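Here UniProt numbering is used: the first residue of the sequence shown is 1, the next is one more, and so on.
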Amino acid sequence: MRLHFQPPHPSGLYAVELEAFAVYKVLQNFSNIEEDCTVCPSWCLTLRARGHSYRAALEHHIPQYSLEVPKLFPAVSPSEPSYCSLLLTNKGSMLLTFNLAPRGSSDLSLRPSSGLVAPGAHHISLICTCPRGNSWKQHTFYLQFNFCPQYLKEVSMQSREEPLQLKLDTYKNVFFKPTQVGFSSTSLFTFSNPSRLPLEFEWRISQQYQRMLAVQPARGLIQPNESLTLTWTFSPLEETKYLFRVGVCVWEANLPPNVKPPRTTHYMIRLVGMGITSTLSAKEKELDFGNVVVNSNQSRWLVLLNEGNCTLDYRLFLEQSSPEGVSSGPPAFQLERTEGSIPPRSQDTICLTARPSHRSQYSWTVSYSLVSHRDNKVGEKQELCRVFLMAVYPLLSVLDVCSMGSAQGITRRHLWHLFSLDMLNSYLERDPTPQELTYKVPTRHSTSQIPPIFTPLKLDFNFGAAPIEAPPSVVLLALKNSGVVPLDWAFLFPSDQQIDLEPWADEAEFDCIELHQMRVQDNCIFSISPRTGSLSPGQEQVVELQYSHLFIGTDRLPVLFKVSYGREILLNFVGVTVRLEQKYVHFTSTSHQFIPVPIGDALPPQQIYEMYNGGSVPVTYEIQTNVLTHVQEKNFDHPIFCCLNPQGEIQPGTTAQVLWIFSPIEAKTYTVNVPVHILGWNSAIIQFQGVGYDPHAMGDTAPFHNISSWDNSSVHSRLMVPGQNVFLSQSRISLGNIPVQSKCSRFLFLNNISKNETIVFVWQLKPLDFGEVSVSPMKGKVAPGESIPFVVTLKASVHASFYSMDLVCKVYQQELLQEFHKELQEWKDEQVRQEVEFTITDRKVERRVYCTACGPTRKYKTLPPIRKQQSLNQPTSWNLKIPKEETSWPRPQPPSPIMLYLGLTARAHAIDYFLANFFSDFSRYFLHRDLPKNCVREESEASEKESPDKWDPASKQKKQLLVDCLTAIIRGLLEDKTFHEAIEQTLVERTPYFCQFWNEQSARFMAHNSNVYLEPDSSLSSDSGENAEAKEQEEDKWRPGKQEVGEEDEEEEEEEEEEEEELEEEEEEEEIKEEEETGKEELEVKEEVKEKEEKLTRTGIESTPPPMSQELQKWWWQQQLKVIMKEEQEHDEKEAISRLPAFANLQEALLENIIQNILVEASRGEVVLTSRPRVIALPPLSFPRTPTPDLLATAPLESQQIVPRLLAAPPSPDVLRTQAPSPLNLLP
């Protein structure tokens, strides 16, 4: 069948749909139908025909279109067709026709195969194919546009049957990290679906591996091109290596339920793991937080170590060991996290935060347990580390106090009580109350003029009294951080605690208290500098408190002293300002407590009660002592209280010390009310209390050893105002407990830290009622950057008493002082000039005109007259002309000095009580005992009668002169090199003998040796006439009563004198030898004596002396007795001299001067006192016992001095006759 197209008109588009019916040929005629069953309807075939007519001269228009065709057919199951769509868009302005060319693949079908697309419209066609095989197959078909063979579009597509496959990573191997036995570890395994069909999978683990292996998820769906990560869990049961093989099944997804997959795919993977054992440890077994402020946070890092080869999952536990009772409130210790995991051979850090709520010693135990992720199993708890913490409060204390300005007359001890510093220090040592910690740091929290107070502690800071318009009363407080943590402190005025409000919010009416506080704050009557500060542990700071005397009356101001995170104390600042010429005695309180005294004390100490005159005129006080007699009558007529100076006068701005003696007889508290009258002023009744105690019953708890709590404070604090360049090495000296009549000295330094200012200092000492205090030197100057030493000495009186005083040192700048002296000298010269100079004016005489060259010239201009100068009685004929314009010239005032205060405290005990309680310290003190004047006069008169040539007792000036001379001589000898060389030469020379070296032991040894005599040889002792005559002649020579006339007698006398001199020399040598030998130990002496005896017995020595005349022996004994008696007399005289007070004082002064020189050299760095001493030991000299003559000749000088002592030649018979037994053996 052929279809022909003959368009009737050109340039037209024609389309027609033809239907063709197909029937069987036999059905064309009904007669051919034999049976009805063979009749069937015809088939209808539709054909769409399109055509486009063009003119003869025209061509087909070019189609403008876009065709979107996928490259691949969608994935489908096997034996199922795959469909995809084709999008054709006409982008031209003319109609577009398309049709499927017959050259395409036969396995593709396009519906519709042809069509018409209007301009700007689109057409969608459906392409269908049936994929075969797993390999990609190419499908190609052609589209013809506008019925023109030129416009063909080739379209290529691919299709295939999708396989069931998975892509497994890690080469189908899964490795587990080494795992702790009994716990689990995980490993990730990833696989993907490279196909375009969703797949279902299922992991199949054998029954024997299910206790050790687990996977999550074990079954699931994976989409096309999706990657899925599985978590494998490995739980080893023992310490060994494990190897597993596990399979997975994959099939097509989206199958109906309960339908067996037509096809499946299997994969196998290998899993490798190892079971080991390991533990967890901490880097620090004991973690110490140190000192932490209560209610504050502090963090530390806890470092956990895993030194094994497996990852550990842990869980931490915290147990508090101490304190046990603290359990209320939030926990004092927290962990940042309690669970974690540590890789092998690595560490982990956990932040520990401590916030203690009470002051105590905290300790915790940190334990851990290993955790298994498979079944959340927790292992056994093991201790990891211990944590310690000391919770403390900031601790601030007042070390020292000092007054200046109008209050400089108040002693430190009195000022200590005025400011209640004992109570303040005791309050600061206690724990703060919860109300005090309402605001842990200074905070503005009040809207009223009088802010609320959260502390129950209140104290008075009493500045004393002074006249109006007097210089301000300045008090310096030395604050020290006595704790172990840094702290912040602040003095808060009421205005510092108020919240700033708008003017309309303030109250319009104020009461009298609020108005008074506002006046005090607005006029800065009380000021503090600095008002806040920070102190590190052990650091000190000086605070200046100032009270200005601007208004008459009593000024009060509540000031809150706040220590951050610590105590909060309300301080009532109190000050009194009086009128001029008004009497005023300031009493600290209406009661006074004496220091406790033991009962039965025969010499109770003298105690001090102080009264301060705050007015501007002297006052006279009188203490009524008749009330003391009533107490005495009630206590068996024993004077319990005794006032030593009940009357006296107090100068303005000074403190009077009233001496009391409290002598209890029972262990109880005594009380008496004593009226104190101030003449011309008010009277006060003071209650005196004293406590008597039994030292035997109280034992070591008796308050006998301490002087006062103020005395126990630090002595090394420095009270320095800003800009002060001079300070003392110690601000206070505490001598403690000393015996009466003792002399105690302390060595201090005055330091000048300025770099270019030289200072001049002068000490001002007040006389004491008992005892004596001295400072040496009293005045001097200190160069810039240098220090000068001085000695403070206290000589206690004979009475047991308390000592408390302030030594004042005035320090001036040398330049200002020199300028003052210069101005003062000019002022004095002008004063003298004005007294003698006058001017005479005569009105009758015409004034002469002088030229400037000839007129009188003055070097200086005339100064104005001095104030308050009495007019001179001048004659009436003289007219003294004083210009009215001249002004007076005031006297220059000295520069204001810097006041340095040195406190001195001590308690003197009777010697008996001191020995009973401080026996070990008695040897440390020097008792300075001066002879009474009458005894000194009697001794001096007796000494003048006995020996008029002797000197009088030395005065203090002579003693000091002697000490200075000896010091200069010794210092000069120590610095003289020639003297050093002479000393070295004398060490080589032979030591001479002095009678001062005699002692009893050497005398006994000499007597023992004198009993040993040499027996003469038989040839010498023969009875021949010649020897007898020679013997008689020698005996005659030694007889003292026999004298002959002539030359023979003179020669014999000369020979006798020579022999006596030789004997004396030999005796001296023997004594020197004996004294040298006594210096050795007794064993060496015995051995030497034994050796000598053996040697003498071998050489024929007899133990009995040779016969000697009795007269010669008697004379010899008398001479020896005279020598011994003379030595004993000299020895007694030396002992008597050593017992003299003057000699002891001189000796103590020399030692003190020596120690002072050593300390000065040490302060300058010339001597290091802490260096280890060096001892140079020389090698010992060794000589043979029987040296040869050659050895003796070549021996050195030192050995030659020793050899004669070892080898002494036997004495001659003449000498042997003169030796007699020692006279010491003949004394009764």
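Using N, Cα and C, we set each Cβ at its ideal position, and we do this for glycine too.
Small disclaimer: the values here were computed from a predicted structure and weren't measured.
Listed in chain order, the alpha helix (DSSP H) elements of length 4 or more contained wholly in the segment 284-315 amount to none. Rounded to the nearest whole angstrom, the CA to CA distance from residue 820 to residue 890 is 13 Å. Collapsing the DSSP output to three states places residue 112 in coil. The segment 650-658 and the segment 600-613 touch, with no fewer than 3 CB-CB distances between them shorter than 8 Å. Of the candidates 264, 763 and 771, the residue whose Cα lies closest to the Cα of residue 781 is 763. DSSP places residue 94 outside any beta strand (DSSP E), giving it a letter other than H or E.
Contact between residue 125 and residue 88 holds, with the beta-carbon distance rounding to 7 Å and staying under 8 Å. When Cβ pairs closer than 8 Å are counted between the two stretches, the segment 733-751 is seen to touch the segment 792-808, the count reaching three or more. Closest in C-alpha terms to residue 280, from the list 309, 684 and 319, comes 309. Taking C-beta atoms under 8 Å as the contact rule, residue 191 and residue 234 fail to qualify, at a distance of about 18 Å.
Taking each of 1154, 582, 423 and 1 in turn and checking the Cα distance to residue 569, the smallest one comes out for 423.
Listed as beta-bridge partners of residue 630 by DSSP are no residues whatsoever. Between residue 697 and the set 598, 759 and 428, the nearest pair of CA atoms involves 598. Minimum Cα-Cα distance from residue 637 among the listed residues 616, 665, 658 and 643 corresponds to 665.
Of the residues 730, 430 and 255, the one whose Cα lies closest to the Cα of residue 399 is 730. Taking a contact as a CB-CB distance under 8 Å, the pair residue 572 and residue 460 counts as one, their CB atoms being some 5 Å apart. The C-alpha of residue 80 is placed about 15 Å away from the C-alpha of residue 158. Between the alpha carbons of residue 1129 and residue 926 lies a distance of about 28 Å.
Three or more Cβ pairs closer than 8 Å define a contact, and the segment 385-392 falls short of that threshold against the segment 458-477. Restricting attention to 163, 141 and 1116, the CA atom closest to the CA of residue 265 is found in 163. Membership of residue 426 in any beta strand (DSSP E) is not indicated; the residue belongs instead to the alpha helix (DSSP H) covering 421-429.
For residue 961, the enclosing alpha helix (DSSP H) covers residues 956-975.
Collapsing the DSSP output to three states places residue 1145 in a helix. In this structure residue 545 does not touch residue 487 by the C-beta definition: roughly 19 Å separates them, more than the 8 Å allowed.
Listed in chain order, the beta strand (DSSP E) elements of length 3 or more contained wholly in the segment 795-851 are 801-813. Contact check between the segment 488-500 and the segment 551-562: three or more CB pairs, one atom from each, fall below 8 Å, which counts as touching. For the set 456, 413 and 605, the Cα lying nearest the Cα of residue 567 is the one of 456. For residue 244, no alpha helix (DSSP H) encloses it; the enclosing beta strand (DSSP E) starts and ends at 241-252.
Distances from the alpha-carbon of residue 72 to those of 139, 43 and 33 put 139 closest. For residue 1138, the enclosing alpha helix (DSSP H) stretches over residues 1110-1138.
Take residue 200, set aside five residues on each side of it, and the residues of its chain with a beta-carbon closer than 6 Å to its own are 221, 251 and 253, in chain order. DSSP places residue 697 inside the alpha helix (DSSP H), whose first and last residues are 695-698. Judged by DSSP secondary structure, residue 607 falls within the beta strand (DSSP E) whose first and last residues are 606-613.
Rounded to whole angstroms, the gap between the alpha carbons of residue 203 and residue 193 is 15 Å. Per the Cβ contact rule, the segment 810-829 is in contact with the segment 894-909 (3 or more Cβ pairs under 8 Å).
Beta-bridge partners assigned by DSSP to residue 65: 90.
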